[in-house]
Amino acid sequence: LIKPGVLKVGDLAALSRDRLQLIELLPSEYDPRVKVL
7 LIKPGVLKVG DLAALSRDRL QLIELLPSEY DPRVKVL
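And the structure:
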């Protein structure tokens, strides 16, 4: 889980579907909208 104060506005984070908890920060170059080029 992500500790309070670590997440900033505009950061990408992984979210668990069952509990809606923030699990981890994603790298800035990760774009979930791009799957295959």
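Residues in the sequence shown are numbered from 7 upward in steps of one, following my numbering.
We treat Cβ as the ideally placed atom computed from N, Cα and C, and that holds for glycine.
DSSP beta-bridge partners for residue i?
i     : result
GLU30 : ALA20
Straight-line CA distance for residue i to residue j?
i     : j     : result
LYS14 : LEU31 : 10 Å
SER22 : LEU7  : 10 Å
LEU26 : GLY11 : 18 Å
LEU43 : GLU35 : Model confidence at LEU43 stands at a pLDDT of 48, short of 50, so the residue's coordinates are unreliable and nothing is read from them.
PRO33 : ALA20 : 10 Å
LEU18 : ILE29 : 11 Å
GLY16 : ASP24 : 23 Å
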